[in-house]
Structure formats: structure tokens, C-alpha cells
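Counting from 1, one number per residue, gives the positions in the sequence shown under full-length UniProt numbering. All residues carry an ideal CB built from backbone N, CA and C; glycine is no exception. Inspection log for the structure reproduced underneath, given as C-alpha cells.
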Amino acid sequence: MSATNASLPSTPTPTPPPSDDDLNCGDGGGSDSHFHLRIASIFIIMAMSMFGALFPVIAKRIPAMGVPKIAFEFAKYFGSGVIIATAFIHLLDPAIEELSNPCLGGTWQLYPWALALSMLAVFSIFIVELMAFRFGTQYLEKRGIAPNPHGHGIIGTARAGHSHDDEPGAEIVKTSSMRAIGDVEKPGSETSEEEPSNVLDTPLAQIVGIAILEFGVLLHSVLIGLTLAVDPDFITLFIVIIFHQTFEGLGLGSRLAFLALPPSYNYVPIVGALLYGLTTPIGIAAGLGIRTTYNPNSTKASIVSGILDALSSGILLYTGLVELLAHEFLFNPAMHQASTKKLCLSLLCMIAGAGIMALLGRWA
1 MSATNASLPS
11 TPTPTPPPSD
21 DDLNCGDGGG
31 SDSHFHLRIA
41 SIFIIMAMSM
51 FGALFPVIAK
61 RIPAMGVPKI
71 AFEFAKYFGS
81 GVIIATAFIH
91 LLDPAIEELS
101 NPCLGGTWQL
111 YPWALALSML
121 AVFSIFIVEL
131 MAFRFGTQYL
141 EKRGIAPNPH
151 GHGIIGTARA
161 GHSHDDEPGA
171 EIVKTSSMRA
181 IGDVEKPGSE
191 TSEEEPSNVL
201 DTPLAQIVGI
211 AILEFGVLLH
221 SVLIGLTLAV
231 DPDFITLFIV
241 IIFHQTFEGL
251 GLGSRLAFLA
261 LPPSYNYVPI
271 VGALLYGLTT
281 PIGIAAGLGI
291 RTTYNPNSTK
301 ASIVSGILDA
311 LSSGILLYTG
321 LVELLAHEFL
331 FNPAMHQAST
341 KKLCLSLLCM
351 IAGAGIMALL
361 GRWA
């Protein structure tokens, strides 16, 4: 009997999970160093965020400022790269880290929840946009305005008394200015200041696209503020976030600046830029208010932050790859007819934005 027992392999003793103290999972506040500078960061980041988002909007409305068109083009494509890199480097990667935190344990360790939530956000935003276009298009058709199947504009059809659909010149493309459908841009021609190349299919498409982008940006901006308020490595993170908010603001502002909206909705770009400028400072202020009790490494904080980061990454991935990259380069007739030089410069601006934002991920 003793020989039999000796031949059986011994059952390994399970390693007990590390305690909350070992993992810094328990209660406790964030860092309280550089407190006065943390307060000042509220106003510094507010100023830089609003500058980045408001400058393109104001410069577009005040021609006397003399901002060249190439500056808007640079901000637009540079900002597209910034948004795509933000989704991958500054949102998806932290979400994976947070939702695989050893503090969570259980099912959080058995499934890649961050990637699944990011994918869920992509499909959710796609369905929301699809439904918005479907019902929005039906609404426009009832009012005698149909989407232009070839993109970049909506077609208004005269329907007084009887149909003139088959008569030449009956259909007009409604963009920021009216022009006949047959007026095709000549290769190499520049798009006018009033009709930029980044106008999407319809005003409805622009509003839905910018709303999705704004929602994703605002969601993660609050988290940035909370992190900055309590992070022990404040100085490095503060410098990085100043650049991050400015670059991202330029990308968002350049889109807001060229929204083709009715005059009664001219305030929308300003409101969008102001919201962007306020969200991160609000997050910082909230973080400072709860700094003595908020532990960014706690279980609840990791779950909430990880879920929001993952959802935000999916929103910005969809927006960056579909609304910005695909619409600007693949489905934009102006880009199809653009010179090779303009195409290469646009690509370089976008890659530069993505590269710089990815580099900032080394420190934040």
C-alpha cells in the first residue's frame, strides 16, 4: 500500500492568488504630488484643447485671418492619422492591459474582453449609422431631396405638379453651393473654399459622422483627465497630454470647420469644439476632487476604465477607418482626380499624424 502511494504523482499545491496589497488593488488614493500644477493643468489643457478645436472653425469663418487652404488640408489629414493612432495605441492597448489586470481574476482572465468590446462598438456604430442613413434618406426623399448615388452631394428634384426627373438639368447637386450634376471637376482642379473635398455624401452623413467621432473623443477625454489628476508620473503625462489634446483637437476642428450645415445650425461646430475643450479639464477636476479615495489600480476602476477605453477604441477605429480614411481616399472623386503630388502629400500628413501620436504612446 505504501509502495502504491509512493508511485502516485503528487498533486501540486495551488499557488494562492496575490493579495490586494501585493497588487495594489485595494483602497487608497492617487498621487498628491505637484498639487498646484495639477490644478493649473485644468486651465492649461483647456486652453490648448480649445485652441486646437476652435482655431480651424474660426479661421474658416474669418477669411481675413489669411489661413491658406493647405493648412486646413494638413490639419484634416494629420488629424485623421492622430485619431486612428489614438484608437490603437492610446485606447485599445490600455483597455487590454486594464481588463487583464491580475486584480480582476475570474472570467476577466479567461477571455479577451477588451478586443470583444471594441468589436462590439464597431458593429454597434455601423448599425446606428446604417439606420440613421436609412431613415434619414427616407425623410429626405419625402421632401423631394434624394441622395446622390455617386457621392458628395444630395440631389434635389423638382416635384411641383408633375415629375421632371427625365428632363436635362432638372436635378441639381446641393452642396454648400448649387451646381449642375453634369459639371464634373476637371482633373487637377482645386476644390473651392466653399466646397471642400472632405464633404461626405449628404449633410446627414456629415452630421452622423461627426457625431460619432465627437462621442468617441469626448468619452476617452474624460478618462484622460481622471488619469492625469491622480497619476504619480504627472509631469511626463502632462506634457504628453498637452500635445495629444492639441493634435486631436486640430483633427476634430478641421472636420467641424467644413460641416455643410444650414445657416440656422452654424453654432453646431462651435459647440462641438467647446465640448471637446471642456471634457478633459472636467475629468481632471473630478479626479482632483476624489483623489484621496480614487485608486486607479482598484478592481472597479480597472473594469470601468477598461470597458470605456475598449468601447472608445471601437468607435474611433470605425470613424477613422471608414468615415475619415475610406471616404477621403477611396470614395472621394476629388482625390481620384487629384495629382500624384497631392495624393502623396495627403498620405504623408496622415502617416505623420499617426506616427507622432503612436510615438507619444511611449510615455502615455
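Going straight from the alpha carbon of Leu288 to that of Asp231, what length do you get?
Position 288 of the sequence shown, counted from the first residue, corresponds to residue 288. Position 231 of the sequence shown, counted from the first residue, corresponds to residue 231. Approximately 11 Å, taken between the alpha carbons.
Where the alpha helix (DSSP H) through Asp309 begins and ends:
Here residue 309 corresponds to residue number 309 of the sequence shown, with the count starting at 1. First-last of the alpha helix (DSSP H) with Asp309: Thr299 to Tyr318.
Determine the burial state of Asn266: buried for a count of at least 16 other Cβ atoms within 10 Å of its Cβ, exposed for fewer.
Position 266 of the sequence shown, counted from the start, is the residue given in the question as residue 266. It counts as exposed.
With DSSP run on the structure shown, which of helix, strand or coil describes Leu37?
The sequence position of residue 37 within the sequence shown is 37, counting from 1. Residue state, collapsed to three classes: helix.
Reducing DSSP to helix, strand and coil, say where Trp108 ends up.
Reading the sequence shown from its first residue, position 108 is the one you call residue 108. Looking at Trp108 - three-state DSSP - the assignment turns out to be helix.
Roughly how many angstroms lie between the CA atoms of Leu348 and Leu321, to the nearest whole one?
Against the sequence shown, residue 348 aligns to sequence position 348. Against the sequence shown, residue 321 aligns to sequence position 321. Computed Cα separation, rounded: 16 Å.
Local Cβ density within 10 Å of Gln109, reported as buried at 16 or more and exposed below that
One-based indexing of the sequence shown puts residue 109 at position 109. Flag for Gln109 reads exposed.
Apart from the five residues on each side of it in sequence, which residues of its chain come closer than 7 Å, Cβ to Cβ, to Gly216?
Sequence index remark: in the sequence shown, residue 216 carries index 216 (1-based). The residues are Ser312, Ile315, Leu316 and Thr319.
Limits of the alpha helix (DSSP H) - the one that Glu73 falls within
If you number the sequence shown from 1, residue 73 lands on position 73. Taken as a continuous stretch (DSSP letters only), the alpha helix (DSSP H) holding Glu73 covers Lys69 to Ala85.
Exposed or buried, Glu190, counting other C-beta atoms within 10 Å across all chains shown (16 or more means buried)?
The residue you call residue 190 lines up with position 190 of the sequence shown. Reliability fails at Glu190, whose pLDDT of 44 lies under 50, so the model's placement of it is uncertain and the value that follows must be treated cautiously. With fewer than 16 other Cβ atoms within 10 Å, it is exposed.
Cα-Cα, which of Arg255, Val208, Asn332 and Pro262 is closest to Lys60?
Taking the first residue of the sequence shown as 1, we reach residue 60 at position 60. Measuring from the Cα of Lys60, the nearest candidate turns out to be Arg255.
Going by Cα to Cα distance, which pick from Val82, Pro56 and Leu37 is closest to residue 372?
Nothing can be reported for residue 372, as the shown portion of the chain is limited to 1 through 364.
Does Tyr294 come out as helix, strand or coil in the three-state DSSP assignment?
Stepping through the sequence shown from its first residue, residue 294 is reached at position 294. Of the three classes helix, strand and coil, the one that applies to Tyr294 here is coil, per DSSP.
Could you pull the start and end residues of the alpha helix (DSSP H) that Gly355 belongs to?
Translated into the one-based positions of the sequence shown, residue 355 becomes position 355. Residues Thr340 to Leu360.
Given Ile241, which residues of its chain have a CB within under 7 Å of its CB, disregarding the five upstream and five downstream residues?
Position 241 of the sequence shown, counted from the first residue, corresponds to residue 241. For Ile241, where only same-chain residues beyond five positions count, the Cβ hits under 7 Å are Ile45, Ile224, Leu228 and Ala364.
With C-beta atoms as the reference, is Pro112 less than 8 Å away from Leu250?
On the sequence shown, residue 112 is found 112 positions in, with the first residue counted as 1. On the sequence shown, residue 250 is found 250 positions in, with the first residue counted as 1. The answer is no: Cβ separation not under 8 Å.
Relative to the C-alpha of Phe135, which residue among Asp233, Leu92 and Ala205 is closest?
Within the sequence shown, numbered from 1, the residue matching residue 135 stands at position 135. Taking only the C-alpha atoms, the option nearest Phe135 is Ala205.
Over the uninterrupted alpha helix (DSSP H) stretch that includes Met335, give me the two end residues.
By one-based count along the sequence shown, residue 335 stands at place 335. Run containing Met335: Pro333 to Gln337, per the alpha helix (DSSP H) assignment.
Same chain only: Cβ atoms within 7 Å of Phe126, ignoring 5 sequence neighbours per side:
Here residue 126 corresponds to residue number 126 of the sequence shown, with the count starting at 1. Correct list, in chain order: Tyr318.
For Leu219 versus Leu274, is the C-beta distance shorter than 8 Å?
Working through the sequence shown from its first residue, we reach residue 219 at position 219. Working through the sequence shown from its first residue, we reach residue 274 at position 274. Not in contact: Leu219 and Leu274 (Cβ atoms no closer than 8 Å).
By DSSP, does residue 377 sit in helix, in strand, or in coil?
No answer is possible for residue 377: it lies beyond the span of the chain, which begins at 1 and ends at 364.
Fully enclosed by the stretch 201–243, which alpha helix (DSSP H) runs are 4 residues long or longer?
203–230
Taking Cβ positions, are Ala310 and Leu117 nearer each other than 8 Å?
For this step, residue 310 is matched to residue 310 along the sequence shown. For this step, residue 117 is matched to residue 117 along the sequence shown. The answer is yes: Cβ separation under 8 Å.
Taking Glu323 as the reference, which of Met48, Pro296 and Ile207 has the closest Cα?
Working through the sequence shown from its first residue, we reach residue 323 at position 323. Ranking the options by Cα distance to Glu323, first place goes to Ile207.
Quick check on this structure: which residue in Pro333, Pro296 and Ile356 has the alpha carbon closest to the alpha carbon of Asn101?
Here residue 101 refers to the residue found at position 101 of the sequence shown. For Asn101, the nearest C-alpha among the options comes from Pro296.
Excluding sequence positions up to five away, which residues of its chain have a Cβ less than 8 Å from the Cβ of Leu120?
For the purposes of this step, residue 120 is taken as residue 120 along the sequence shown, with counting starting at 1. Closer than 8 Å at Cβ, skipping near neighbours: Leu311 and Gly314.
Using three-state DSSP, classify Glu194 as helix, strand or coil.
Translated into positions along the sequence shown, residue 194 becomes position 194. Confidence at Glu194 is low in this model, with a pLDDT of 43, below 50, so its placement is unreliable and no value can be given for it.
Endpoints, the alpha helix (DSSP H) within which Val271 is located:
Working through the sequence shown from its first residue, we reach residue 271 at position 271. Residues Tyr267 to Gly289.
Helix, strand or coil, according to DSSP, for Leu324 in the structure here?
Reading the sequence shown from its first residue, position 324 is the one you call residue 324. Helix.
Backbone CA spacing between Gln337 and Leu343 [nearest angstrom]:
The residue given as residue 337 occupies position 337 in the sequence shown. The residue given as residue 343 occupies position 343 in the sequence shown. Each residue's Cα considered, the two are about 10 Å apart.
Label Arg362 either buried or exposed according to how many other C-beta atoms from any shown protein chain fall within 10 Å of its C-beta, with 16 as the threshold for buried.
If you number the sequence shown from 1, residue 362 lands on position 362. By the neighbour-count rule (16 or more Cβ atoms within 10 Å), Arg362 is not buried but exposed.
Where does Arg159 sit, in a helix, a strand or coil, going by DSSP?
By one-based count along the sequence shown, residue 159 stands at place 159. Bear in mind that the predicted position of Arg159 carries a pLDDT of just 41, short of 50, making it too unreliable to give a figure here.
Can you check which of these residues, Phe238, Gly209 and Gln245, is closest to Ala260 by C-alpha distance?
Here residue 260 is taken as the residue at index 260 of the sequence shown, counted from 1. Ala260 has its Cα closest to that of Gly209, out of Phe238, Gly209 and Gln245.
What distance in whole Å lies between the Cβ atoms of Phe51 and Thr246, which are believed to be in contact at a cut-off of 8 Å?
To locate residue 246, count along the sequence shown from 1; it is residue 246. To locate residue 51, count along the sequence shown from 1; it is residue 51. That pair is a contact at about 7 Å.
Compare the beta carbon distance of Ala335 and Tyr77 with 8 Å and say whether it is the shorter of the two.
Numbered from 1 along the sequence shown, position 335 holds the residue referred to as residue 335. Numbered from 1 along the sequence shown, position 77 holds the residue referred to as residue 77. Note on identity: in this sequence residue 335 is Met, with Ala being the wrong assignment. Taking 8 Å as the Cβ cut-off, Met335 and Tyr77 do not qualify as a contacting pair.
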